[in-house]
Every structure is written in C-alpha cells, then in structure tokens.
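To start, the structure itself, in structure tokens.
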Amino acid sequence: MNIKIITVGKLKEKYLKEGIAEYTKRLGSYCKLQIIEVADEKAPENLSDKEMEMIKDKEGEKILAKIPEQSYVFAMAIQGKEYDSVEFANEIDKLGTSGKSDIVFIIGGSLGLSQAVLTRANQHISFGKLTYPHQLMRLVLVEQIYRAFRIIHGHAYHK
C-alpha cells in the first residue's frame, strides 16, 4: 500500500520531526509512506473572508497538483467523519482489499482547506472537534496510520 500525506507548510520543530521519523520507520514493514510538503501562503492577521479564500485556493492548487489521479483521498477537516482506531483501521483495510492501494491524506494550513480540495476528497475525516496545530496533526496522523496497520495485522497495540 502507498500512503501519501500532503501537508501545507514546513515542519520546523525537532521533537515533531523525531516522532514522525520514528513512526515512518515503523510503518516501513506495512506500507510505503511519503510526506509531501507544499509551501504555505503568508496569512497576516485581520484577513477578510475573501482574502482567506484566496490563500486557501492558492494552497489548494498546490495540494491538488500533488494528488495522483487514481488515489483515494482523505481530507482532514473538523467537520469530517470521526472514527475510533478500530474503525479507522477497518476503513484502510477495506480500501486495500478493494484495490485502492494509493491513499492520500491531506492536512491543510492554518486557514484550512480550499473548497476544491474538499470536493476532490473521497472522504472528510476528523480526529475530534479540537483544533490542532497542523504540524502536530502530522504526528498524530502518522501515529494513527501506524496504529491502524498494527490493528489490521492483529498485533497488540490499540489497547
């Protein structure tokens, strides 16, 4: 299975890089994981709604350019479907067994995702109603993907 995480912005924090590197290494026996960063647009304070949409649209164009056509796409969105870890694992397993072996997860920037990206996504998923910094969300997502593969393969991890 090929999994891509497309995310807006560079990861700067060393502790997040180390955590992601650890889970990426662990995932190596289950899937091929690739993290693709697209540049974020400058978003000063006090933007109008129109300016916010323009920034999300620019970031969205960069995201859409990185999604292979045949990929199954999950957009991370607060209003998306919430799974528990077993349900999330079952969803990934179901995709793999139905021949959808290219999965893309998208994490937007500080303003969220453009309508075009949300429309392209096959599913919108949420890890709860809390707002996470998008850099931290990257680590949480990689850990949940690892947890899903542990569950799929019947290894004790999800307790």
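Residue 141 is where the sequence shown starts when you use this note's numbering, and the numbers rise one by one after that. For every residue, glycine included, the Cβ atom is placed at its ideal position computed from N, Cα and C. Nothing here was measured: the structure is a model prediction, and the numbers come from that model.
*For threonine 259, does the count of other Cβ atoms within 10 angstroms reach 16, so buried, or fall short, so exposed?*
Counting from 1 along the sequence shown, the entry for residue 259 is found at position 119. Flag for threonine 259 reads exposed.
*With DSSP collapsed to three states, give me the class of isoleucine 207.*
Reading the sequence shown from its first residue, position 67 is the one you call residue 207. Isoleucine 207: coil per DSSP, three-state reduction.
*Using beta-carbon positions only, say whether histidine 274 and lysine 221 come within less than 8 Å of one another.*
By one-based count along the sequence shown, residue 274 stands at place 134. By one-based count along the sequence shown, residue 221 stands at place 81. Their beta carbons are not under 8 Å apart, which means histidine 274 does not touch lysine 221 by this criterion.
*asked:* Classify lysine 190: buried if its beta carbon has 16 or more other beta carbons within 10 angstroms, exposed otherwise.
replied: Residue mapping note: residue 190 aligns to position 50 of the sequence shown, counting from 1. Counting Cβ neighbours within 10 Å, lysine 190 comes out exposed, since fewer than 16 surround it.
_Rounded to whole angstroms, what is the Cα-Cα separation between arginine 166 and aspartate 197?_
As a position in the sequence shown, residue 166 is number 26, starting the count at 1. As a position in the sequence shown, residue 197 is number 57, starting the count at 1. When rounded, the distance between both Cα atoms is 34 Å.
*alpha helix (DSSP H) containing threonine 259: first to last residue?*
Start at 1 with the first residue of the sequence shown, and residue 259 comes out as number 119. From DSSP, the alpha helix (DSSP H) with threonine 259 extends over 255–260.
*If you draw a straight line from the alpha carbon of lysine 172 to that of glutamate 158, how long is it in whole angstroms?*
As a first step, residue 172 is located in the sequence shown; it is residue number 32 there, counting from the start. As a first step, residue 158 is located in the sequence shown; it is residue number 18 there, counting from the start. Roughly 18 Å separates the two Cα atoms.
*By DSSP, does serine 188 sit in helix, in strand, or in coil?*
Against the sequence shown, residue 188 aligns to sequence position 48. Correct three-state label for serine 188: coil.
*For the 8 Å Cβ check, are there 3 or more pairs between the stretch 286–295 and the stretch 211–231?*
Short answer: they touch.
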